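So that you can map any letter, position 309 of the sequence shown is 308 in numbering that gives the first Met the number 0, and since no number is skipped, the others follow by simple counting.
Below: the structure, in structure tokens.
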Amino acid sequence: MVVFLLVLSCLLFLIFVTAGILLTVFSSEIQIERRLADQFGSITKINNTSKNAIKKDNFLNRVLRPYFLYIRKKVIEKMSRSSIKELNKRIRDAGRPFNLTAIDFRVAQISIGLSVFFSFGLFIYLFTLNLSSAILLGIAIGGIAFILPSFYLDSLKKKRIQLIDKNMADFFDMVTLSIEAGMGLEQAISNVCRQIRGPISEEFLVTLEDMKLGKSRREALFNLRSRVPSDHFQSIITSIIQAGELGIGLGNLMRTLTQRIRNHQREQVREKAMKMPVKILFPMVFFMFPSLFIVILGPFVVNLLVNGLF
């Protein structure tokens, strides 16, 4: 019975580890199938050429792909629309790493969690020969591994917001110069996006595409404001929307906004500088002061122990 459980654990471990790999291998094909499903109501094969390509593909695609698709199908059945929408928003705020969707991210979470559970459970069992301890510790470590991708998303979101806030001043400075040179707002933004790379340029390029597809400038900017979870960036976009509605000149507005951005960045630097003494206090109390006390009082204590008080 124990040997059977070990073999089963190894097989499941290999299956779920490769599921994470297949997530990347078949991501493009899955996206195509998803678009076809949206149009025709069911997942269909691409064409006979792709079928022949799959048949001639390697062992990884032919044998392990069905397991991955099965897991993905079960995740689609279990996840509600609200949870998919919420998770998609979190992924979008993080910059959509690896072009993941909510379903793909959840499949990756499950694959990582189960792989860690079986691998650590088997490892602990081989060393302790205690099945209950191996299962409990495997569940605990697997649960932590399941949660870790969520923390990874949050860290990506935080870094992305910081990068947007950092690049805003330079971006809008160049937009201001382009507008003062005679360009319109859309042309100026497009010109700057070609010169500056980063999340802020990516978001504005999406906004320009929305305008090309027929959305008004106001609607496209509203969508931009909702996509970027930065309070300061959202206030800047709100000012641009209001200026367009009130007929205010964009040149003076953009220069004022750029100055406001730089003042805000200066205030943030001052705020961080004022917080530094508080952050340094705890390392000093727990690490530096004990060392100083040992260096200063150490000889006195040794002398006291050897020779006594008098």
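Ideal placement from N, C-alpha and C gives every residue a C-beta, glycine not left out.
Small disclaimer: the values here were computed from a predicted structure and weren't measured.
query: Enclosing alpha helix (DSSP H) for Ala219 [first to last residue]; result: 216-226
query: Sequence-distant residues of its chain with Cβ nearer than 8 angstroms to Phe281 (five each side left out); result: none
query: Buried or exposed by the 16-neighbour rule on C-beta atoms within 10 Å, applied to Ile42; result: No answer about Ile42 holds up, because its pLDDT of 41 lies below 50 and its placement is not dependable.
query: Cutoff 7 angstroms; reference Ser229; Cβ partners in own chain excluding five residues on either side; result: Ile160, Ile163, Asp164
query: Reduced DSSP category for Met210 - H, G, I as helix; E, B as strand; rest coil; result: helix
query: Phe126, enclosing alpha helix (DSSP H) - first and last residue; result: 101-127
query: Beta-carbon spacing of Gly142, Ile123 below 9 angstroms; result: no
query: Alpha carbon of Leu207 to alpha carbon of His263, nearest angstrom; result: 27 angstroms
query: Helix, strand or coil at Arg269 according to DSSP, with G and I counted as helix; result: helix
query: With 16 other Cβ atoms within 10 Å as the buried cut-off, status of Ala272; result: exposed
query: Simplified DSSP state of Ile247, which is helix, strand or coil; result: coil
query: Pro148 - containing alpha helix (DSSP H), residue span; result: 130-179
query: Arg226 versus Asn98: straight-line alpha-carbon distance, rounded; result: 16 angstroms
query: Contact set for Cys192: own chain, Cβ-Cβ below 6 angstroms, skip 5 residues either direction; result: Ser200, Phe203, Leu204
query: Short Cβ contact (9 angstroms threshold) for Ile90 with Pro96; result: yes
query: Within-9 angstroms CB hit, Leu245 to chain D; result: Looking at the structure shown, chain D is missing, and only one protein chain is on hand.
query: Spatially closest choice to Ile249 from Leu184, Met275, Leu152, by CA coordinates; result: For clarity, residue 249 is Leu in the given sequence; the question names Ile instead. Cα-wise, what sits closest to Leu249 is Leu184.
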